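Chains as they are written, first to last, in the numbering used here: chain A, 33 to 553; chain B, 31 to 129.
Even glycine gets a Cβ: it sits at the ideal position worked out from N, Cα and C.
Keep in mind that this is a model prediction, so the values were computed, not measured.
Beneath this line is the structure, given in structure tokens, with notes to follow.
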């Protein structure tokens, strides 16, 4: 069945998942439902501690069995030890058919690929996957379907009961023996626990894992003891050097600086750039550079930002230090400056639900003026792909891309026209992650395209000296340099779905087929 | 032209290609390893074959390790490898069969 972004979703997939095809960003506005809730084992007796001696004991006490769904968060990013440590124990116990429901998975988790191959793990739900897990899924090693969903979409899936987490494992930088978790302190400081908050609220069993046990009460708790069944102390929950890196040096790449300059010029000339505007940006070199140059213009024109959202890095936190923004709303910290900034009283921690969930009574993304995003590919319909590489291999994550794009008044995507020989602007993206109706502007090093659906922005920019082009012109420039790429040769089997934030099916990912020359088939 | 000895041109840097030619066994044997094989494999083969044809080479084992090189780069690397294989470094036919 063809969906609203023109993708043919096989009926078989709709039957297996019980899902509908994507029907537009606002299709489920006003949808009414009853939220799911966890089975809760009450603790009334006052003589116990929740400490158990190791992960195995926690698994036994949680009555782990075949077919269960386990929840994980990705605040430790490429430094995470939790997923591997838990899955190794699950594997050692001979448990099979596990569904992993993680807020994201990355290269840190290459070690669990053998557990995919031997049937310990048969389903994966994640924002996306990088590294060897992506290759394993794309080459058909996962028995079930991989579901790629946005940060807001994960909260929706759990709140609505579509995904029921049997046991959630929450790696926490500090914790007391009664389960009060905080994202700050200890040796694996990650600042916030935003993505894990929904696990705390909805998982039947919650296990806190820490490498810094502190005396009760570890307050104010980011995840409360009232939600935690067991606490495990281990030697290390992550590699601090990979959890929060030092601030990235501002880029010196002229191509990125030029795109950053285009972006800043677009922002300041748009009708939304006025005192009290709101802003979110990513961690790419061009995004960071544009935040730095934007801060300069804000100062010159005496314009303040009302709030900044993220995914935070040093340049955003500098706005707070320099009193150019009223407050920051934080879901994740990418560098040490952002982790440090959490201590600022105007730096607020928010849950993934508050940030981006389409199935609550209104999330922060709906209040955004600007969001600056990146993309692997953008097509002439303005559809974006951030999950599947142009070679057909799953290699990225949705993150908050579709959530923020849907919410913000002005969604800007920055992408260099070419990555090596791969054109970023193309006729049809390999798979759709974010629908073109959410994308307003695409900025490349060869020019800027405004979505024709945004005649108001085109009108606002008519006297602005920037290299405006149509999206088709940008594609044609790319193809004139690289040649027109062929469609990747996929097999029939669907290995994953790209889920829209509202739970409908945006696209499917098929198993990759070894390349064959056309004249050798 | 006849390939006299093995020769290499190009690097494994991004956007380049490393081309190796060796004496063949009576035909053109083409091997490709490319970071963009799924999108450009057929195009790369076409450009390499056309370049060999232009240089009048029909007996060669040619191996291309491509890191996303554009067609112009591929042509240049094939030409360089071929002329190195015959030790010709002067009086190259610029504008002739090299173009």
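| Asked | Found |
| --- | --- |
| Per DSSP, the bridge partner or partners of residue 381(A) | 362(A) |
| Min CB distance residue 98(B) to chain A below 8 Å | yes |
| When 444(A), 388(A), 538(A) are compared against residue 191(A), the one with the closest alpha-carbon | 388(A) |
| Members of the region 43-68 of chain B near chain A, C-beta cut-off 9 Å | 44, 45, 60, 62, 64, 65, 66, 67, 68 |
| Bridge partner(s) assigned by DSSP for residue 180(A) | 158(A), 530(A) |
| Sufficient close CB pairs (3 or more, under 8 Å) joining the region 433-448 of chain A to the region 178-188 of chain A | yes |
| Coil, strand or helix - residue 240(A) by DSSP | strand |
| Outcome for residue 194(A) when other beta-carbon atoms lying within 10 angstroms are tallied against a minimum of 16 | buried |
| Cβ distance (whole Å) where residue 64(B) is taken to contact residue 452(A) below 8 Å | Not a contact, Cβ separation roughly 11 Å. |
| Residue-chain proximity (residue 120(B), chain A), Cβ-Cβ < 8 Å | no |
| Unbroken beta strand (DSSP E) run spanning residue 295(A), endpoints | No beta strand (DSSP E) contains residue 295(A), which is instead part of the alpha helix (DSSP H) from 286-301. |
| Beta-carbon separation (whole angstroms), residue 359(A) vs residue 380(A), contact threshold 8 Å | 6 Å |
| Boundaries of the beta strand (DSSP E) in which residue 74(A) is found, first to last residue | Neither: residue 74(A) is in no beta strand (DSSP E) and is coded neither H nor E. |
| Sheet register partners of residue 309(A) (DSSP bridge) | 337(A) |
| Length of the line joining the Cα atoms of residue 58(A) and residue 483(A) | 18 Å |
| Run of the alpha helix (DSSP H) containing residue 70(B), from where it starts to where it stops | 67-84 |
| Backbone secondary structure at residue 187(A) - three-state DSSP | helix |
| Start and end residues, alpha helix (DSSP H) containing residue 115(A) | 114-124 |
| Members of the region 401-423 of chain A that neighbour chain B once the beta carbon cut-off is set at 8 Å | 422, 423 |
| Distance between residue 461(A) and residue 165(B) (C-alpha atoms, nearest Å) | Outside the shown range of chain B, which is 31 to 129, sits residue 165(B), and nothing can be said about it. |
| Buried/exposed call for residue 72(A), threshold 16 Cβ in 10 Å | exposed |
| Alpha-carbon spacing of residue 124(A) relative to residue 162(A), whole angstroms | 25 Å |
| Three CB pairs or more closer than 8 Å across the region 50-59 of chain B and the region 84-98 of chain A | no |
| Contact list for the region 489-522 of chain A against chain B, Cβ threshold 9 Å | 513, 514, 515, 516, 517, 518, 519, 520, 521 |
| Where residue 452(A) meets chain B, residues with beta-carbon distance less than 8 Å | 44, 45, 65, 66, 97, 98 |
| Residue 471(A) to residue 445(A) span [Cα, whole Å] | 7 Å |
| Chain B contact residues for residue 549(A), given Cβ-Cβ distances below 9 Å | 60, 62, 71, 72, 75 |
| Through-space distance from residue 335(A) to residue 232(A), alpha-carbon basis | 39 Å |
| For residue 92(A): DSSP bridge partner residues | Paired residue(s): none; residue 92(A) is not in a bridge. |
| Enclosing alpha helix (DSSP H) for residue 438(A) [first to last residue] | 433-439 |
| Separation of residue 551(A) from residue 306(A), as counted between CA atoms | 59 Å |
| Proximity to residue 65(A) [Cα-Cα], best of 534(A), 248(A), 539(A), 541(A) | 534(A) |
| Distance, residue 264(A) Cα to residue 443(A) Cα | 42 Å |
| Integer-rounded CB distance, given that residue 115(B) should sit under 8 Å from residue 35(B) | 6 Å |
| Reference residue 22(A), options 139(A), 63(A), 69(A), closest by Cα | In this structure chain A extends from 33 to 553, so residue 22(A) is not present and cannot be described. |
| Helix, strand or coil at residue 347(A) according to DSSP, with G and I counted as helix | helix |
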